[in-house]
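Here is the structure we will look at, set down as structure tokens.
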Amino acid sequence: MEPLKSFFTKPSPKEELRKSQRDFRSVQRDLKRDQLQLQRQESQLEAEIKRAARQGNTTLAKSLAKQLIQVRNQKTKNQKVESQISGMSHRTTAMQSNIAMGNAMSGATKAMAATSKVMDPAQIQKTMMEFQKQSLHADMTAEMMDDTLEDVLGEEDDEEESEDIMNQVSYNQLNRWLQQHR
């Protein structure tokens, strides 16, 4: 049940879309109902034509055949109308989607314009230059610290590596001596 509305207010695009979709579905249901009724009529006419042909009543059979042709033509017309209604429904949905996208783009444009008014390009450029300067300074400091740490840790690494080599040499010599004295 829809709430009462003033005669002077225009329905929103969403409301219009819902109403048109409801109307399209209603028309499609009616067409499907008619299609089923026409199929029943077609089956009945085919049965009556066969009965008349068995009885030898060619005049009745011809008359029924003309009716059958009309029913089949009407079925074809119904199918065409049903596909056109379906196409219109899809186009209406696509139009609503385009309207929503346009509204979103309009809102984004307004937000960008408001942001542009608030921001001062000269101040932004000044801030960016200061950022670059501080970033360069931080990079240089980090590089100097890396070099210092590398020098300090490099000596420890060298000592550890030389001890590993010595241990390996001692282990190899011990293994050779054990193999010789077995």
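No gaps in the numbering here: position 53 of the sequence shown is 53 in the UniProt record's numbering, and each next residue is one more.
Don't be surprised by glycine CBs; every beta carbon is placed ideally from N, CA and C.
Let me know if residue i comes out buried or exposed under the rule of 16 or more other beta-carbons within 10 Å of its beta-carbon.
| i | result |
| --- | --- |
| K19 | exposed |
| V118 | exposed |
| L64 | buried |
| residue 244 | Absent from the model: residue 244. The displayed extent of the chain is 1 to 182, so no value can be given. |
| L45 | buried |
Does the beta carbon of residue i fall short of 7 Å from some heavy atom of the ligand NAP?
| i | result |
| --- | --- |
| G102 | Looking for the ligand NAP in the displayed structure turns up nothing, as the structure carries no ligands at all. |
Compute the beta-carbon to beta-carbon distance between residue i and residue j, rounded to the nearest angstrom, for a pair I have assumed lies under 8 Å.
| i | j | result |
| --- | --- | --- |
| residue 186 | Q28 | Past the boundaries of the shown model lies residue 186; the chain is included only from 1 to 182, so the question cannot be answered. |
| L38 | T92 | The pair is not a contact, with the Cβ atoms about 27 Å apart (cut-off 8 Å). |
| L60 | E42 | Their Cβ separation, rounded to whole angstroms, is 17 Å, which puts L60 and E42 out of contact at 8 Å. |
| M95 | F24 | Not confirmed; about 13 Å, so no contact. |
| I124 | P13 | In fact, because the Cβ distance is near 38 Å, the residues do not count as touching under 8 Å. |
Alpha helix (DSSP H) segments (min. 4 residues) lying fully within the region 48 to 123: 58 to 118
At least 3 beta-carbon pairs within less than 8 Å: the region 30 to 48 vs the region 74 to 92: yes
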